[in-house]
Amino acid sequence: MTKRNFIWSKIFGRGDFGRVGFVCRFGFLWSLFFLVSTVGWGRNGDLDFSILREMVVQEGGRKKAFYTFAYEQVLGMTGRTELVVDGRKLPAEELVLRMWLGDRDWEKVPMILVDDVNLRMGCGLERKRKLYSYEELVGNAALVRKIGEAAAQRSRDSRTPLRGQLREASLVGMRLAEFEGIRDGMLLRVVPRFGEAWGVLSRQQPEFIRMREALMRSDREGFARAARELRGRLAATLPTEQPPEWKIAIEVAYLVVHPFRWAGVLFGGAAVVLALTSTNWRKQGYALGMALGFAGAVAMFCGFLTRILVSGRAPVTNMYESIVWVAFGTVFFGLIFELIYRNRYFVLGASPVAVLSLMVADAAPLKFDPTISPLVPVLQSNFWLTTHVLTITLGYAAFALALGIAHIALGKVIMGRSSVEILYVSIYRCLQVGVLLLAAGTLLGAVWANYSWGRFWDWDPKETWALIALLSYLFLLHGRVAGKWGGFGLAVGAVLCFQTVLMAWYGVNYVLGAGLHSYGFGSGGLGWAVSFVVAELAFVVVAIWRKKWKEVGADIVDRNVDKISASISSEVVRGGKAD
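Residue -11 is where the sequence shown starts when you use our numbering, and the numbers rise one by one after that.
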């Protein structure tokens, strides 16, 4: 076997490389093709708005690409990254540029999100409609009054979070302010200043005037020429204040490619392939599933590396980043264990968990903010941020992997099939790793708390629920070692105990909203979280009922067999006596 074939066989399975090599290469090339094909450097509409993608804007405490600025502003204002205007879909960069250049009366275009149905009903707006124009909202007296009440309450007590309609009204007020800032050009701070906040571009600048005139005439060449002149002049102004070009370029590429989204597609493909080839084409399906799993992991690694290079910190500072990181950790542990045990269940359990996590993170950008933002002061210690947060979330990832494998084991029970012992062993190994990491992360968190707040432990809700999660898994493992329950009980416990992780991870920040970990607070998604918990409990109840029913049926069969055997024996004895 050649060295190249030896390496491939180590990654994708032992055996004759010729029989599975084509499948491996196909999976690898398939994933690379789709990743590359997502790079849409094309032009939008008649004019080339992509010329200004890499123009640097100072906003939100950092210098970023204009493409990033437009993406974040439109997402925050409309709840989406594209807007349909007059039957034409406008990407974020084009929408912001048109608003800035003022090519139409944007105050009349429905583009400001009012997401809460109770707020809409309370202000006399349409129940099912979510997007409204600037004119409609500023002309709504009830909404303006609620925005004023929210501002007054926040000024009186800035520490108490707003609730209900006041919170939603405050969000609408911020979206109205974003609209005004883009329309008036006050948010587009593109003019570098030495050591100070950057300035806005005067509407009397020749480049601005030429860009606007070309836009109004739909002059493609004139617009492109004016846009290049503007970008070049701004980049040449105080070059020492400009961020490196490579950093801006990879930031734009990250948003265009969406590596985490494609990682979810690849993991989904891995799960489907491994599930469909569990009986037939096992070797080829295993090779392709592993190839897709590794390709997805590479895509996620590239996404994380980009966020690290852009932000200069570990990518686990908000709920979005932690969800994506846990998805990555789940697949990472799944691939590592798979290379050791070669039983396909690790990747088969990890892939659906990763897909679900990435879907949640990608589908709710207003609840789980995907933007790269500066750190709050308490997190501005890369050492403790890296050690504590990464360790504890990797513990969550190991538990999530155990959850995925437990679903396979309990699913077999529900379908009336016997779970193989290797499934229970796999769950046990994942739980061991998770307990070790969660315990280490909790201890590191106590040290960081003493460093930041002057005490190791204060029964803060985050600390308390992390301890509850740790104790629940320790109880589960000790019961297994003591022989109180076997593999089935371990699978049931892996599902039930993960609900404590969900509470420590999501519930404290998004439900309780109390404690010193306020930098991670948010709201929304409670209904989905409750539905998930209820579904998990129902799944466990059905699995237990199915197992008990099977055991009862087996006992009945055994008793009947014993009765028949006894009857036959007695007949034989009587027949012998008669003879």
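For each residue, glycine too, the CB sits at the ideal point set by N, CA and C.
| Check | Outcome |
| --- | --- |
| Spatial distance of Val423 from Phe527 (CA atoms) | 24 Å |
| Thr379 burial status per 10 Å Cβ neighbour count (16 or more: buried) | buried |
| For Arg534: DSSP bridge partner residues | Beta-bridge pairing links Arg534 to no other residue. |
| Chain C contact for Phe196 (CB, 9 Å cutoff) | Absence of chain C from the displayed structure is noted, only one protein chain being present. |
| Cβ neighbour criterion (16 or more within 10 Å) applied to Trp436 | buried |
| Of the residues Lys51, Asn438, Trp537, the one placed nearest Gly404, counting alpha carbons only | Trp537 |
| Nearest neighbour of Tyr55, chosen from Glu95, Val240, Trp250 [CA to CA] | Val240 |
| Cut-off 7 Å between Cβ atoms - residues of its own chain near Gly187, not counting five sequence neighbours on either side | Arg177, Val179, Arg181 |
| Cys418 and Ile393 closer than 9 Å at C-beta | yes |
| Inter-residue Cα distance where the pair is Ala338 and Phe486 | 15 Å |
| Minimum length 3: unbroken beta strand (DSSP E) runs contained in the region 336 to 403 | none |
| Uninterrupted alpha helix (DSSP H) stretches inside the region 454 to 504 (no shorter than 4 residues) | 475 to 490 |
| For Pro232, three-class secondary structure by DSSP | coil |
| Leu218 - DSSP class collapsed to helix/strand/coil | helix |
| Nearest candidate by alpha-carbon position, reference Leu568, set Leu389, Ala386, Phe387, Leu411 | Past the boundaries of the shown model lies residue 568; the chain is included only from -11 to 567, so the question cannot be answered. |
| Distance between Glu70 and Phe37 (C-alpha atoms, nearest Å) | 14 Å |
| Same chain, Cβ closer than 8 Å to Gly210, five either side skipped, listed in chain order | Arg198, Glu201, Ala202 |
| Identity of the residue in Ser158, Leu382, Phe444 nearest Ala139 by Cα | Ser158 |
| Beta-carbon proximity list for Ala223, same chain, < 7 Å, skipping 5 on both sides | Gln230 |
| CB contact flag (Tyr572, Ile135, <9 Å) | The structure shown does not extend to residue 572, since the chain is modelled only from -11 to 567, so the question has no answer here. |
| Ala302 Cβ short of 8 Å to the ligand COA heavy atom set | As far as ligands go, the structure on display features none, and thus does not contain the ligand COA. |
| CB of Val319 within 9 Å of CB of Phe248, strictly | no |
| For Ser19, the three-state DSSP class (helix, strand or coil) | Because the pLDDT at Ser19 is just 46, under 50, the model does not fix this residue reliably, and the point stays unresolved. |
| Sequence-distant residues of its chain with Cβ nearer than 6 Å to Ser460 (five each side left out) | Cys485, Thr488 |
| Delimiting residues of the alpha helix (DSSP H) encompassing Lys77 | Unbroken run through Lys77 is the beta strand (DSSP E), 76 to 79; no alpha helix (DSSP H). |
| Where Glu326 falls: helix, strand or coil (DSSP) | helix |
| As assigned by DSSP and simplified to three states, the class of Arg638 | With the chain represented from -11 up to 567, any question about residue 638 goes unanswered, as that position is not in the structure. |
| Arg177, enclosing alpha helix (DSSP H) - first and last residue | Looking at the DSSP string, Arg177 is not in any alpha helix (DSSP H); the run it does join, the beta strand (DSSP E), is 177 to 179. |
| Buried or exposed (CB count within 10 angstroms, at least 16 for buried), Ile328 | exposed |
| Member of Phe334, Leu107, Leu373 whose CA lies at the smallest distance from the CA of Leu389 | Phe334 |
| Inter-residue CB distance, Leu382 and Gly317 (contact presumed, cutoff 8 Å) | 5 Å |
| Boundaries of the beta strand (DSSP E) in which Glu70 is found, first to last residue | 70 to 73 |
| For Gly127, three-class secondary structure by DSSP | coil |
| Check whether Gly160 and Ile238 have beta carbons under 9 Å apart | A small fix is needed here, since residue 160 is Val in this sequence, not Gly. Cβ atoms of Val160 and Ile238: not closer than 9 Å. |
| Span separating the alpha-carbon of Ala352 from that of Gly471 | 43 Å |
| Buried versus exposed call for Thr294 [16 or more other C-beta atoms within 10 Å across all chains shown] | buried |
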